[in-house]
Amino acid sequence: NDATSLVLYGRGLICAGRPAEAVAYIKQGMRLSPYYPAFYLLQLSQAYFQMGRFREAMLVSSKFLKRCQKGECSPVAAHVSLAEIYAEMGRLRKARRQLAAAKKIFPGLSLELVRRTMTYKDPAMLEKHLNALRKAGLK
Numbered sequence: 002n003d004a005t006s007l008v009l010y011g012r013g014l015i016c017a018g019r020p021a022e023a024v025a026y027i028k029q030g031m032r033l034s035p036y037y038p039a040f041y042l043l044q045l046s047q048a049y050f051q052m053g054r055f056r057e058a059m060l061v062s063s064k065f066l067k068r069c070q071k072g073e074c075s076p077v078a079a080h081v082s083l084a085e086i087y088a089e090m091g092r093l094r095k096a097r098r099q100l101a102a103a104k105k106i107f108p109g110l111s112l113e114l115v116r117r118t119m120t121y122k123d124p125a126m127l128e129k130h131l132n133a134l135r136k137a138g139l140k
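Residue numbering for the sequence shown follows the working numbering, starting at 2 and increasing by one per position.
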């Protein structure tokens with residue numbers, strides 16, 4: 002019955018290559034805690050991204066960005082998430098704008114940093130993120 006534990010379990014499922022299962026746990030956590038922290042949205046967006054449900058990922062990441070811009074969290078992860086989603090949707094101009102916004106806040110952002118901070122059991126899942134960010138222009 003702990004909302005954050007459910008969301009973190011969902012994150013573990015995403016990393017284990019089971020994003021479809023993760024969605025149910027993350028949404029359950031959101032229902033249990035209607036005033037949930039913004040990072041719940043990032044987890045849901047990442048599950049949708051891994052499932053190839055880019056429109057849903059974009060909508061959730063946009064909500065995450067709005068909450069971060071209100072001061073709940075740093076918007077870097079939201080901009081990076083939107084950059085990779087837009088890149089996968091073929092909206093490269095928007096992807097590059099999001100990446101530029103992330104780099105303005107965090108100039109040290111690089112593919113190598115992303116590689117070191119994202120943990121996935123299946124290397125192909127990490128490569129999905131890295132390839133999207135390459136399309137957006139990250140080096």
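Virtual Cβ for every residue (Gly too), placed ideally from N, Cα, C. Please read all numbers here as calculations on a predicted model, not as lab measurements.
Between the CA atoms of residue j and residue i - distance to the nearest angstrom
i	j	result
E89	G18	19 angstroms
A39	R56	19 angstroms
A25	C74	24 angstroms
L114	K67	24 angstroms
A23	L42	12 angstroms
T120	L127	7 angstroms
A21	P108	33 angstroms
G13	A133	22 angstroms
R98	P35	31 angstroms
K122	K129	13 angstroms
Close-in-space but distant-in-sequence residues of the same chain around residue i (CB under 7 angstroms, 5 per side omitted)
i	result
A103	V77, H80, V81, A84 and L110
Q70	P76
M31	Y37 and Y41
Neighbourhood of residue i by C-beta distance below 6 angstroms, restricted to the same chain and skipping five residues each side
i	result
Q47	I15
Beta-carbon proximity check, residue i vs residue j, cutoff 7 angstroms
i	j	result
G44	G11	This sequence places Gln at residue 44; Gly is not what is there. Their beta carbons are under 7 angstroms apart, which means Q44 touches G11 by this criterion.
L131	L112	yes
A58	F65	no
Q29	L60	no
Spatial neighbours of residue i in its chain, beta-carbon cut-off 8 angstroms, leaving aside the 5 residues before and after
i	result
L93	Y87, K136 and A137
R116	L127 and L131
Alpha helix (DSSP H) segment containing residue i, residue limits
i	result
C69	F55 to Q70
C16	A4 to C16
L139	Note, L139: premise wrong, no alpha helix (DSSP H); not H, not E.
K95	L93 to I106
A39	From DSSP, A39 is part of no alpha helix (DSSP H); its letter is neither H nor E.
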